[in-house]
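Visitor: Chains as they are written, first to last, in the numbering used here: chain A, -7 to 97; chain B, 306 to 752.
Each residue gets a CB set at the ideal place from its N, CA and C atoms; glycine is no exception.
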């Protein structure tokens, strides 16, 4: 994805918005940090083999609903796909494209 | 409200419609086809309302978005309809028969004239959160197009989620991102208003004995619609707690209405039929699953509804007459339902286990306009319609109502009522303008 440099006017506008919304809260920073770490860990796990949401949850010590939410988001944005079923659960696998790898959080 | 502090002089519609759901769109289209100029005001980022997120409709099982999307498209392309999204109606004041509608146009931080809906900003954004349009099951980013077939296909930035990194502006090919955009208040003058503000559901937690707060597998009917929709968050029906393919699904009827103890004593009118519809769709999606509907009585009152109900029974959906007293989360995310049934006098207190439960919540009015508009509410909270023979006429002259804003009703009745409201507006404008012409003619003759 081509990235442009922000103009001075855009930087000023961004600073104005940041000020207007009261800066980036600690909660937002924490959310971003946790999201990035979780996505990275899920990608690492799925690199080894496809897995179900409960398997990912157990491996990463996170609630199953949270693992499912991450997989749902990654599926929406094209980073994982369904890879069959294992018992009563779906298996998820990484989408092996350069673009997906570049935009995975 | 002080009228006309800021005027929107550029556009003075004949009628303003509050709400871009199926009722609002149908009213707007019916008025526009008569040559009247209409402003359609929608609070969210897209028109389409609840209906665009449904899986299918009863009793025909037609695809909901296949019906809604053409209406959305027709509304957005009609020369006589101006659509405002991300805009809230803050109040209406009527002065000399003219309605002054105060609108808050919320900042989208995107220049809609420049945005081409390519979604590159959304793909590049790092801030991802649960998506309320997917009942929290799916994910959305701080900037993006609301959903695949949203109208308009424009990105909107949510400042509450934005990390202000500026990436969206770096990747936007048309420089459409405007971080310094501000919300603005405008006042639109119009001769007629249709309130089509729709409904909300009461909380899943309104009956604490159902313990919805303790289990992700107790879901709303709208969540089930998203699970059943082919474009839903999972792309199939899965249990939200862990992604399990459900094998036993229960529908608990009258879980938020017909219950004076929670302040909703009326019947929400659509729950029986959507539960039957969802049960039939689940039978197709999960062929080996048990589907049970716990009901007090089935209200299949519309055209073809009774046959639809009979079809569901023939398909193997279990109908258990009784009342669910309590739901307890048990092992592995399953749920234990304590039911009092009328079907077996020897064993009327039963405990049944399911792995996903849908609560039929009560329908409530979405918008409380009392105090900010001349429109009065009825005792149930919905818009008061005092004339039995004119169900779209409110207590305020020139302000009409359509759809669930006036009380719970299904899509068929909503569309019929939207057409009726448009006709009432048309008649009202004709009479009002004829009277004005007669008055001015008289003045000329007398003068």
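Taking all protein chains shown into account, decide if residue 79 of chain A is buried (16 or more other Cβ within 10 angstroms of its Cβ) or exposed.
Guide: Result: exposed.
Visitor: Restricting to runs no shorter than 3 residues, where is the beta strand (DSSP E) found entirely within the region 691 to 725 of chain B?
Guide: The region 691 to 725 of chain B contains these whole beta strand (DSSP E) runs: 704 to 706.
Visitor: Given that a residue counts as buried once 16 or more other Cβ atoms are within 10 Å of its Cβ, and exposed if not, what is residue 648 of chain B?
Guide: Exposed.
Visitor: Among the candidates B:404, B:422 and B:521, whose CA atom is the shortest distance from the CA of residue 634 of chain B?
Guide: The option with the nearest alpha carbon to residue 634 of chain B is B:521.
Visitor: Do you know how far the Cα of residue 33 of chain A is from the Cα of residue 363 of chain B?
Guide: Near 43 Å, if we compare the C-alpha coordinates of residue 33 of chain A and residue 363 of chain B.
Visitor: With a threshold of 6 Å on Cβ separation, who are the neighbours of residue 715 of chain B within its own chain once the five nearest residues in sequence on each side are excluded?
Guide: For residue 715 of chain B, where only same-chain residues beyond five positions count, the Cβ hits under 6 Å are 575.
Visitor: What is the rounded straight-line gap between the Cα of residue 430 of chain B and the Cα of residue 677 of chain B?
Guide: Looking at the two C-alpha atoms, the distance is approximately 38 Å.
Visitor: Output the distance between the C-alpha atoms of residue 403 of chain B and residue 498 of chain B, rounded to the nearest integer angstrom.
Guide: The alpha-carbon atoms of residue 403 of chain B and residue 498 of chain B are separated by roughly 10 Å.
Visitor: Run down chain A in chain order and give the residues with a C-beta less than 7 Å from the C-beta of residue 538 of chain B.
Guide: Correct list: 64.
Visitor: Taking all protein chains shown into account, decide if residue 729 of chain B is buried (16 or more other Cβ within 10 angstroms of its Cβ) or exposed.
Guide: Buried: at least 16 other Cβ atoms inside 10 Å.
Visitor: Near residue 687 of chain B, what residues of its chain come up, given a Cβ to Cβ distance below 6 Å and the 5 sequence neighbours on each side ignored?
Guide: So the qualifying residues of the chain are 670, 711 and 712.
Visitor: Can you tell me the Cβ-Cβ gap for residue 546 of chain B and residue 443 of chain B, rounded? I've got them flagged as a contact below 8 Å.
Guide: With a Cβ gap of about 16 Å, residue 546 of chain B and residue 443 of chain B do not count as contacting.
Visitor: Can you tell which of A:38, A:-1, A:9 and A:56 has the C-alpha that lies nearest to the C-alpha of residue 412 of chain B?
Guide: Nearest of A:38, A:-1, A:9 and A:56 to residue 412 of chain B, Cα basis: A:9.
Visitor: Closest to residue 490 of chain B by C-alpha separation, out of B:405, B:329, B:481 and B:354, would be which residue?
Guide: Answer by Cα proximity: B:405.
Visitor: List, in chain order, every chain A residue whose beta-carbon is nearer than 7 Å to that of residue 549 of chain B.
Guide: Going along chain A in sequence order, the residues near residue 549 of chain B (Cβ under 7 Å) are 80 and 81.
Visitor: Here's the rule: buried if 16 or more other CB atoms are within 10 angstroms of the residue's CB, otherwise exposed. What is residue 742 of chain B?
Guide: Residue 742 of chain B is exposed by the Cβ-count criterion.
Visitor: Could you tell me the alpha carbon to alpha carbon distance between residue 68 of chain A and residue 551 of chain B, rounded to whole angstroms?
Guide: Cα-Cα distance, rounded: 22 Å.
Visitor: Helix, strand or coil: how does DSSP classify residue 511 of chain B here?
Guide: If DSSP states are grouped into helix, strand and coil, residue 511 of chain B belongs with coil.
Visitor: Leaving out the 5 sequence neighbours to the left and right, which residues in its chain are closer than 6 Å to residue 307 of chain B when beta-carbon positions are compared?
Guide: Note that residue 307 of chain B scores 36 on pLDDT, short of 50, meaning its location in the model is unreliable; the coordinates nonetheless yield the value given after this. No residues qualify anywhere along the chain.
Visitor: DSSP has residue 643 of chain B in a bridge; who is on the other side?
Guide: Residue 643 of chain B pairs with B:631 and B:656.
Visitor: Judging by CA-CA distance, which residue of B:667, B:698 and B:694 is the nearest neighbour of residue 682 of chain B?
Guide: Nearest of B:667, B:698 and B:694 to residue 682 of chain B, Cα basis: B:698.
Visitor: Kindly indicate if chain B contains any beta-carbon less than 8 Å away from that of residue 44 of chain A.
Guide: Residue 44 of chain A counts as touching chain B.
Visitor: Please name the residue, chosen from B:666, B:375, B:680 and B:529, that lies closest to residue 568 of chain B on a Cα-to-Cα basis.
Guide: Per the Cα distances, B:666.
Visitor: Have a look at residue 374 of chain B and residue 325 of chain B and give me their C-alpha separation to the nearest angstrom.
Guide: In a straight line, the C-alpha of residue 374 of chain B is about 12 Å away from that of residue 325 of chain B.
Visitor: What number of angstroms, rounded off, separates the C-alpha of residue -3 of chain A from the C-alpha of residue 475 of chain B?
Guide: For residue -3 of chain A and residue 475 of chain B, the distance between alpha carbons rounds to 6 Å.
Visitor: In terms of residue numbering, what span does the alpha helix (DSSP H) encompassing residue 88 of chain A cover?
Guide: It is not in any alpha helix (DSSP H) - residue 88 of chain A carries neither H nor E in the DSSP assignment.
Visitor: For residue 586 of chain B, does the count of other Cβ atoms within 10 angstroms reach 16, so buried, or fall short, so exposed?
Guide: Label assigned to residue 586 of chain B: buried.
Visitor: How far does the beta strand (DSSP E) with residue 550 of chain B in it extend, from its first residue to its last?
Guide: Careful: residue 550 of chain B lies outside any beta strand (DSSP E) and carries neither H nor E.
Visitor: Could you check the C-alpha separation between residue 727 of chain B and residue 320 of chain B for me, to the nearest Å?
Guide: Computed Cα separation, rounded: 9 Å.
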